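Participant:
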Amino acid sequence: MSSHSGVAEKATLSFVVLAAAGVVVSAAYGHGAHNSGQTMRATPEEQAAFANAKPAFERHCFRCHTTAGKKSKRKALDHIAMDRYPFRGHHAAEAGATIRKVLGADGKSKPTMPSDDKGAVAGDDLSKILAWADAFDRAHPPKPANTTKEKSHAH
Ligand code: HEC
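The numbering of the sequence shown is the numbering used here, which starts it at 18 and goes up by one.
1. In the stretch 83-107, which residue ranges form an unbroken alpha helix (DSSP H) of at least 4 residues, counting only runs that do not cross its ends?
2. Relative to the C-alpha of lysine 92, which residue among Phe74, Cys81, Phe67 and Ala112 is closest?
3. Have a look at histidine 77 and phenylalanine 153 and give me their C-alpha separation to the nearest angstrom.
4. Label asparagine 163 either buried or exposed according to how many other C-beta atoms from any shown protein chain fall within 10 Å of its C-beta, with 16 as the threshold for buried.
5. Hey, out of His157, Pro158 and Lys118, whose CA is closest to leucine 143's CA?
6. Quick check on the DSSP output: the alpha helix (DSSP H) that includes leucine 120 runs from which residue to which?
7. Can you tell me which of the three DSSP states glycine 39 falls into?
8. Please identify the residue among Asp123, Lys125, His107 and Asp151 whose C-alpha is closest to the C-alpha of alanine 70.
9. Over what stretch of residues does the alpha helix (DSSP H) that includes alanine 150 continue unbroken?
Structure (structure tokens):
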């Protein structure tokens, strides 16, 4: 009788320990992913789409969003830093959706980037960047909250 309750106690204890460890791990992961994008891994499909879109990013965005850019701005880099791929900055984790939005390609927003030449990204450059954004979303599916909004996605 007493040995039986001892086993139950032990089982309960190890469950508590495991549950506590699980909370710590998911909190740490969520924080890191949002903050820096350092835990993001680019898939081969995403890398290929980025290689294709890179000249367009270079033409329209790098002058402000890279450290060495002619108009490099701290504020721009904080949002999205394009020095390396995957991008860094606090929008890195949802880069696909954010960039679609600032280019006015989400079906509801006006273009706000490039901030010195709004709407300049068009034609081939635009399709390549949007193809990259789609590949990014496939590699890093948006959170459920964003997915619901996607329903109103207009083409
Ligand atoms: C002339 C400089 C400049 C150029 C060129 C530029 N940006 Fe920006 N960008 C900024 C600045 C400055 C901010 C920060 C704006 C703020 O804090 O209000 C910013 C912010 C952003 C943000 C976050 C803003 C948001 O609404 O969430 C994104 C995403 C972005 N830029 C993408 C791009 C892309 C993509 C391109 C190229 C197509 C581009 N930018 C070109 C200066 C620039």
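Yeah, the Cβ is synthetic: ideal placement off N, Cα and C, and Gly gets one too.
None of these values were measured; they are calculated from a predicted model.
Facilitator: On the basis of the coordinates in this document:
1. Whole alpha helix (DSSP H) segments, 4+ residues: 91-96.
2. Checked all of Phe74, Cys81, Phe67 and Ala112; the closest Cα to lysine 92 is Cys81.
3. Histidine 77 and phenylalanine 153: Cα-Cα distance of roughly 19 Å.
4. For asparagine 163, the pLDDT reaches just 49, beneath the cut-off of 50, and the residue's location in the model is therefore unreliable, although a value from the coordinates is still provided. Around the beta-carbon of asparagine 163, fewer than 16 other beta-carbon atoms lie within 10 Å, marking it exposed.
5. The shortest Cα separation from leucine 143 among His157, Pro158 and Lys118 belongs to Lys118.
6. Per DSSP, leucine 120 belongs to no alpha helix (DSSP H) and is neither H nor E.
7. In this predicted model, glycine 39 has a pLDDT of only 44, less than 50, meaning its place in the structure is not dependable; the value taken from the coordinates is given anyway. Helix.
8. Minimum Cα distance to alanine 70 is reached at Asp151.
9. That run of the alpha helix (DSSP H) goes 140-156.
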